[in-house]
Amino acid sequence: MNRALFLTIVVGVAASFASAQSRTGGECNLVIPESTNDRVMLFNSFDGSLINNNFIDLVPAGGMTPINAVQVGEEIWVSDQIADSIFRYSLDGSTHLGTITGGLDNIRGIEWVGDTVYVTNSGTNNNAPGDGVVTIDVGTQTINGFFVTGSDGAGDPFDVLDYFGNLLVNDIIGNDIDTFTRDGDFVSAFHESDGSTGINFPEQMSRTSMGNILIGGFSSPSGIYEYDNAGNQINYWDVGSSVRGVHELGNGNILFTDSSGVYVLDPNSGAITASITGVSARFAECVIPAPGTLGLMGLAGLAAFRRRR
């Protein structure tokens with residue numbers, strides 16, 4: 012095989028590998044902020060094992076209570092509830108690229124969709140608009156919109172999730188999950204809870220490989236809740252703690268977080284194992300490796316192919 016053809020195949024393999032991935036797929040790592048030391052940790056998305064407990068050190072940038080780290084193009088954006096800021100980092104976590112401040116207060120979960128980042132907000136300091144979802148233009152890193160949440164416009168959102176072309180936004184006052192368009196128009200209630208027999212204080216929402224929704228329930232009856240795509244509750248796991256973050260792993264288990272660490276639940280047996288303890292862990296998100304990493308993986312795959320010939 013000549014060198015030109017070899018390089019062409021390498022590029023093709025890497026590009027195909029990259030295009031086949033999604034932020035909810037298995038070919039990624041999980042980033043989880045923790046507010047004990049104000050840093051972002053890195054975990055294996057297949058089995059939930061710890062890769063790096065200090066992937067991003069947020070302290071130099073002013074981190075105080077990081078909640079949600081998400082991939083935004085070739086960057087990682089980290090929301091901070093107390094700093095009222097979003098910290099921007101390179102995809103490999105090595106470089107602080109800037110901080111988005113002003114117009115945000117008591118922010119929690121965030122979501123990237125196209126050229127927009129949606130930010131759940133619950134305060135009016137720093138000229139912030141109060142309870143609702145703030146929108147930020149990715150290209151300019153500036154606020155360009157806001158919409159209220161809840162079926163009555165009085166919701167207090169803790170997370171927002173892109174879901175089949177719309178947005179799911181939860182409400183820690185009404186304990187419901189509602190569907191909105193990406194423009195912020197209310198569509199319908201996805202799931203209504205009474206907060207006593209159903210979910211109470213919903214925190215992170217994440218989509219499973221089957222298209223269902225996992226949500227961490229923080230207050231009693233706390234635990235992990237699962238809903239089908241029509242909003243019907245189909246599973247509940249009492250894991251013995253106030254759940255914050257949730258994410259389905261590649262092996263079918265469920266990673267969850269609480270104020271004491273990061274854990275993995277076997278949904279079939281109920282067995283729970285610890286990935287790391289002693290940290291106040293937050294939301295879990297899938298981050299696709301940088302293009303350089305993909306290229307190396309493509310090379311490795313091609314080398315294996317050549318050995319098998």
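In the working numbering, the protein residues as written are 12 to 320.
Glycine residues also receive a C-beta, built at the ideal position from the N, C-alpha and C atoms.
The structure displayed is predicted, hence computed values, not measured ones.
- Note on residue 121: 16 or more other CB atoms within 10 angstroms of its CB, so buried under the neighbour-count rule.
- Fully contained in the stretch 228-311 are the following beta strand (DSSP E) runs of length 3 or more, in chain order: 234-238, 244-248, 257-259, 265-269, 272-276, 283-288 and 296-298.
- Here the alpha carbon of residue 66 sits roughly 5 Å from the alpha carbon of residue 52.
- A direct Cα-Cα distance of roughly 11 Å separates residue 235 from residue 209.
- Excluding its 5 nearest sequence neighbours in each direction, residue 90 has C-beta neighbours in its own chain below 6 Å: 78, 79, 97, 118 and 121, listed in chain order.
- Between the stretch 189-205 and the stretch 147-165, the count of Cβ pairs shorter than 8 Å is three or higher; the stretches touch.
- For residue 164, there is no enclosing beta strand (DSSP E), as DSSP marks it with neither H nor E.
- For residue 212, the uninterrupted beta strand (DSSP E) segment begins and ends at 211-218.
- Residue environment analysis places residue 198 among the exposed positions, since fewer than 16 neighbouring C-beta atoms fall within 10 angstroms of its C-beta.
- Residue 86 has 83 and 101 as its beta-bridge partners, per DSSP.
- Judged by their CB atoms, residue 116 and residue 139 are nearer to each other than the 8 Å cut-off.
- Under the DSSP assignment, residue 61 falls in the beta strand (DSSP E) whose first and last residues are 61-68.
- In this model, residue 109 and residue 279 are separated by some 43 Å (Cα to Cα).
- Comparing alpha-carbon positions, the option among 72, 99 and 69 lying closest to residue 83 turns out to be 99.
- Of all alpha-carbon atoms in 75, 48 and 40, the one lying nearest the alpha-carbon of residue 60 is that of 40.
- In the three-state reduction of the DSSP assignment, residue 186 falls in the coil class.
- Ranking 181, 176, 174 and 229 by CA distance to the CA of residue 168 puts 181 first.
- Around the CB of residue 221, fewer than 16 other CB atoms lie within 10 Å, so the residue is classed as exposed.
- The three-state reading of DSSP puts residue 94 in coil, since its state is none of H, G, I, E or B.
- Note: residue 118 is not bridge-paired with any residue in the DSSP secondary-structure output.
- Between the C-alpha atoms of residue 248 and residue 228 there is a straight-line separation of about 10 Å.
- Its chain contains 237 as the residues whose beta carbon lies nearer than 6 Å to that of residue 246, once the 5 sequence neighbours on both sides are disregarded; these appear in chain order.
- Apart from sequence neighbours up to five positions away, the residues of its chain that approach residue 142 with a beta-carbon distance below 6 Å are 133 and 167, ordered along the chain.
- Annotation: the continuous beta strand (DSSP E) that includes residue 199 extends over 197-202.
- Taking the CA atoms as reference points, residue 107 sits about 36 Å from residue 164.
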